[in-house]
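J.:
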Amino acid sequence: MQFFRLSLIAASIMTLAACGKEGATQSADASAPAAESELIVKIGSANPLTGPFAHWGRDSDNGVILAVEEANAEGVTLGGKKVRFEVVSEDDQADPKTATQVAQRFLDAGVNGIVGHLTSGATIPASRIYSDAGLPMVAASVTSPKFTQQGYSNTFRIIANDTQQGDALAKFAVVDLKAKNIAIIDDRTTYGQGLADDFAKAVEAAGGKVVKREYTTNSASDFMAILTAIKGAKPDLVFYGGMDAQAGPMVKQMQKIGIKAPFMGADGVNTAEFIKLAGTAAEGVYSSSAGASKDVMPGYANFNERFNARFKGEVQAYAPYTYDATRVLISAMKRADSAEPAKYLPELPKTQLDGVTGAIAFDAKGDIKQGLVTLYQLKGGKWQTVATPVKPAASAAQ
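For the sequence shown, the positions run 15 to 412 when the numbering used here is used.
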């Protein structure tokens, strides 16, 4: 009987350990027991932490962790109680179905707010679950216009959208680069296809012509068939709506097949990982970022120093934005003197915050006001600014 009882205890411990691996909870001192008067406030951080986009996801997750650790060091109080913020990190694998499962796990864990998800395709289905629950979410890297067009009162974005990026890139391609005949490829994801569609419309509006439209997937590695079709159209420029994991091999294969037209992508291409994947074929590629470049981002230098000291590595892409998104949530909680979603949600539309990434305030849809787009070209193995910042026309932000 004693052996049986010990076996049950051991089994229970193993079960609890296994459950702990499903969602990682982190804080400035997660091992410390909560004081009786201490209030635990959980921030959900949703990103692809495994797979081809893990370098983006871990970077974004680290931005949330840094913001939470600094808030804990600051000593925030809500409703007369000292607060200890904790990060609940989940891996959505950049997959829409997995993202909805992650969203439900966040609700079951009792999180007080969401930062994420990283990709538009994962965010949009998950946002429906958060909306039904009245749980505030601030997106730091979601650029699909559809995200804030759903009409949810709990969704906010601190970065420019793909309509703005597509408009800025198309005008630069047609007007500045004199590319009149343009070929477009996209990966059929919410992000990639939406971006390519917006870019195509803006090309036509700027006086250019889309001479070829091809499609791939976000798991493909062989693009020779579609590139052969594009080569026959003799484009002045090739635009790709998608991420660096495909863009890197794609430009290599363009070089191999003899396509000499410039290659252009958006923020999905504007990474250090793309340079690694593309090698020498990356030279001369154009891209954009939905925000200010690092050299003019108001608080970047100091942020990067703190980030590097904490994580022993450079910022990849969106860590400054997830850091600011976390601060937006915490700032709203402070103003409401509560971490209860229903109480602090009304404060989010009133946000006026000078962040690392710039001034943060929201319009009626939850989009950031005065969204900026920066354009880059890869020269000498580094992304160099060619136009910064580009403030899109008001019509592009609708």
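Glycine residues also receive a C-beta, built at the ideal position from the N, C-alpha and C atoms.
How should N322 be labelled, buried or exposed, when 16 other C-beta atoms within 10 angstroms of its C-beta is the threshold for buried?
T.: Locating residue 322 in the sequence shown gives position 308, where the first residue counts as 1. That one is exposed.
J.: Which residues in the same chain as A210 place their Cβ atom closer than 6 Å to its Cβ, once the five residues preceding and following it in sequence are excluded?
T.: Residue mapping note: residue 210 aligns to position 196 of the sequence shown, counting from 1. Closer than 6 Å at the Cβ level, and outside the excluded window around A210, lie I198, D200 and G255.
J.: Quick one: give me the first and last residue of the beta strand (DSSP E) that L367 is part of.
T.: Counting from one through the sequence shown, the residue named residue 367 turns up at place 353. Where L367 is concerned, the enclosing beta strand (DSSP E) stretches over L367 to G369.
J.: Among G135, L132, E104 and P139, whose alpha-carbon lies nearest the alpha-carbon of D122?
T.: Taking the first residue of the sequence shown as position 1, residue 122 is located at position 108. With distances taken between Cα atoms, D122 lies closest to E104.
J.: In this structure, how does DSSP classify W397 when only helix, strand and coil are distinguished?
T.: Stepping through the sequence shown from its first residue, residue 397 is reached at position 383. Reduced to three states, the DSSP call for W397 is strand.
J.: V224 lies in the beta strand (DSSP E); which residues open and close that run?
T.: Taking the first residue of the sequence shown as 1, we reach residue 224 at position 210. That run of the beta strand (DSSP E) goes K223 to Y229.
J.: Whose C-beta lies closer than 7 Å to the C-beta of R324 among residues of the same chain, with five residues either side of it excluded?
T.: For the purposes of this step, residue 324 is identified with residue 310 of the sequence shown, where counting begins at 1. Excluding positions up to five away in sequence, the list reads L80.
J.: Are A306 and T371 touching if we call contact CB-CB under 8 Å?
T.: Working through the sequence shown from its first residue, we reach residue 306 at position 292. Working through the sequence shown from its first residue, we reach residue 371 at position 357. The answer is yes: Cβ separation under 8 Å.
J.: Skipping 5 residues on each side, what residues in its chain have a beta carbon closer than 6 Å to that of I344?
T.: Your numbering for residue 344 matches position 330 in the sequence shown. Excluding residues within five positions, the ones whose Cβ falls inside 6 Å are A85.
J.: Taking 8 Å as the cut-off, does the segment 149-158 touch the segment 256-268 (at least 3 CB pairs, one atom from each stretch)?
T.: Result no; under three Cβ-Cβ pairs closer than 8 Å.
J.: Confirm, please, whether the CB-CB distance from M311 to P334 is below 8 Å.
T.: Reading the sequence shown from its first residue, position 320 is the one you call residue 334. Reading the sequence shown from its first residue, position 297 is the one you call residue 311. Yes. Within cutoff.
J.: If I'm right that S301 touches A280 with Cβ under 8 Å, what's the distance once you round it to whole angstroms?
T.: Within the sequence shown, residue 301 is the residue found at index 287, counting from 1. Within the sequence shown, residue 280 is the residue found at index 266, counting from 1. The pair is a contact, with the Cβ atoms about 6 Å apart (cut-off 8 Å).
J.: E100 by DSSP, collapsed to three states: which one?
T.: As a working note, residue 100 is residue 86 in the sequence shown. Reduced to three states, the DSSP call for E100 is strand.
J.: Put L392 into one of helix, strand or coil per three-state DSSP.
T.: For this step, residue 392 is matched to residue 378 along the sequence shown. If DSSP states are grouped into helix, strand and coil, L392 belongs with the strands.
J.: With distance defined between alpha-carbon atoms, name the residue in A117, S134 and D75 nearest to M257.
T.: Here the question's residue 257 lines up with position 243 in the sequence shown. Closest by alpha carbon: S134.
J.: So for R119, helix, strand or coil by DSSP?
T.: Counted from its first residue, the sequence shown places residue 119 at position 105. Reduced to three states, the DSSP call for R119 is helix.
J.: Checking the sheet assignment: what are the DSSP bridge partners for D200?
T.: For this step, residue 200 is matched to residue 186 along the sequence shown. According to DSSP, which records beta bridges pairwise, D200 is partnered with Y229 and G255.
J.: Report buried or exposed for A373, applying the criterion of at least 16 other Cβ atoms within 10 angstroms of its Cβ.
T.: Against the sequence shown, residue 373 aligns to sequence position 359. Exposed, since its Cβ has fewer than 16 Cβ neighbours within 10 Å.
J.: V82 and L53: beta carbons closer than 8 Å?
T.: Counting from one through the sequence shown, the residue named residue 82 turns up at place 68. Counting from one through the sequence shown, the residue named residue 53 turns up at place 39. No. Outside cutoff.
J.: Would D211 pass as an interface residue toward chain D - the criterion being a Cβ-Cβ separation below 8 Å?
T.: Included in the structure is just one protein chain, with no chain D present.
J.: Could you check which residue in L241, V252, I143 and V342 has the C-alpha nearest to that of V78?
T.: As a first step, residue 78 must be located in the sequence shown, where it is residue number 64. Ranking L241, V252, I143 and V342 by Cα distance to V78 puts V342 first.
J.: Under 6 Å Cβ to Cβ from T157, same chain only, skipping five residues before and after it: list those, please.
T.: Taking the sequence shown and counting its residues from 1, the one referred to as residue 157 is at position 143. Contacts found: N175, D176 and A304.
J.: Considering only C-alpha positions, which residue in the set D190, F317, R227 and A239 is nearest to Y390?
T.: Within the sequence shown, residue 390 is the residue found at index 376, counting from 1. Nearest option by C-alpha distance: D190.
J.: In three-state DSSP terms, what is D105?
T.: Reading the sequence shown from its first residue, position 91 is the one you call residue 105. Strand at D105.
J.: Which residue wins for smallest C-alpha separation from F170, given the options S352, S51, E354 and D338?
T.: One-based indexing of the sequence shown puts residue 170 at position 156. Comparing Cα positions, the closest option is D338.
J.: For M347 versus A356, is the C-beta spacing smaller than 8 Å?
T.: By one-based count along the sequence shown, residue 347 stands at place 333. By one-based count along the sequence shown, residue 356 stands at place 342. The answer is no: Cβ separation not under 8 Å.
J.: So does A153 have its beta carbon nearer than 7 Å to some heavy atom of the ligand NAD?
T.: Ligands are entirely absent from the displayed structure, and the ligand NAD is therefore not among its contents.
J.: What are the boundary residues of the beta strand (DSSP E) that includes M74?
T.: Within the sequence shown, residue 74 is the residue found at index 60, counting from 1. A small fix is needed here, since residue 74 is Ser in this sequence, not Met. Element bounds for S74: not the beta strand (DSSP E) but the alpha helix (DSSP H), A68 to E88.
J.: Are I128 and A60 closer than 8 Å when you measure CB to CB?
T.: Taking the first residue of the sequence shown as position 1, residue 128 is located at position 114. Taking the first residue of the sequence shown as position 1, residue 60 is located at position 46. Yes, the pair counts as a contact, with Cβ atoms nearer than the cut-off.
J.: Answer with buried or exposed for E361, where buried requires no fewer than 16 other C-beta atoms within 10 angstroms of its C-beta.
T.: Locating residue 361 in the sequence shown gives position 347, counting from the first residue. Its Cβ being crowded by 16 or more others within 10 Å, E361 is buried.
J.: Applying the criterion that 16 or more other CB atoms from any shown protein chain within 10 Å of the CB defines a buried residue, is T340 buried or exposed?
T.: Here residue 340 refers to the residue found at position 326 when the sequence shown is read from its first residue. Answer is buried; the Cβ neighbour count reaches 16.
J.: How is S45 classed by DSSP in three states: helix, strand or coil?
T.: Translated into positions along the sequence shown, residue 45 becomes position 31. Residue confidence is low: S45 scores 44 on pLDDT, short of 50, so the model does not pin down where it sits. No coordinate-derived value is stated.
J.: Using the C-alpha atoms, what's the distance from V55 back to I196?
T.: Numbered from its first residue, the sequence shown carries residue 196 at position 182. Numbered from its first residue, the sequence shown carries residue 55 at position 41. So the alpha carbons of these two residues sit roughly 50 Å apart.
J.: Given a threshold of 16 other Cβ atoms within 10 Å of its Cβ, counted over all protein chains shown, does M238 qualify as buried or as exposed?
T.: Locating residue 238 in the sequence shown gives position 224, where the first residue counts as 1. When all chains shown are included, M238 counts as exposed.
J.: Who are the near neighbours of T64 in its chain, counting only those whose CB is closer than 7 Å to its CB and skipping five residues on each side?
T.: As a working mapping, residue 64 is identified with position 50 in the sequence shown. D105 and Q107.
J.: For a quick check, are the C-beta atoms of N232 and G206 less than 8 Å apart?
T.: Counted from its first residue, the sequence shown places residue 232 at position 218. Counted from its first residue, the sequence shown places residue 206 at position 192. A contact, by the Cβ cut-off of 8 Å.
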